[in-house]
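All remarks here apply to the structure that follows.
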Amino acid sequence: MIERFKKHEVDTGSPEVQIGILTERINVLTEHLKIHTKDHHSRRGLLKMVGHRRRLLGYLQKQDVERYRTVVKDLGLRR
Numbered sequence: 012m013i014e015r016f017k018k019h020e021v022d023t024g025s026p027e028v029q030i031g032i033l034t035e036r037i038n039v040l041t042e043h044l045k046i047h048t049k050d051h052h053s054r055r056g057l058l059k060m061v062g063h064r065r066r067l068l069g070y071l072q073k074q075d076v077e078r079y080r081t082v083v084k085d086l087g088l089r090r
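Numbers 12 to 90, taken from our numbering, label the letters of the sequence shown in order.
Structure below.
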């Protein structure tokens, strides 16, 4: 995921990379919660990650709309 969005060789902090990593973790945790429906601790972590991704997407949209649209399209968000 980092390889897909990085801007330079050691980029791990750009919003695109962070959003990509969070999306991957959210997808894994969503699958986990389909099996383990009573795992409320993990559900809380999922909600925190979703909120964090939402804030990063909002920041990216304010800073550069084209980069925002690219990330949303590549990750398949906002259907």
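Where is the CB? At the ideal position from N, CA and C, for every residue including glycine.
Computed from a predicted structure; not experimentally measured.
How would you label residue i, buried or exposed, when you count the other beta carbons within 10 angstroms and need 16 or more for buried?
i, result
"Thr-99", "Outside the shown range of the chain, which is 12 to 90, sits residue 99, and nothing can be said about it."
"Arg-64", "buried"
"Gly-62", "exposed"
"Gly-31", "buried"
"Glu-27", "buried"
"Leu-58", "exposed"
Using the three-state DSSP reduction, which class does residue i fall into: helix, strand or coil?
i, result
"Val-28", "helix"
"Met-12", "coil"
"Arg-66", "helix"
"Val-39", "helix"
"Glu-20", "coil"
"Arg-80", "helix"
"Thr-48", "coil"
"Asp-75", "coil"
Who are the near neighbours of residue i in its chain, counting only those whose CB is closer than 8 Å to its CB and skipping five residues on each side?
i, result
"Arg-89", "Val-83"
"Met-60", "Leu-33, Arg-36, Ile-37 and Leu-40"
"His-43", "Asp-50 and Ser-53"
Among the residues of its own chain, which have a CB less than 7 Å from the CB of residue i, if the five just before and after it don't count?
i, result
"Arg-78", "Glu-27 and Leu-71"
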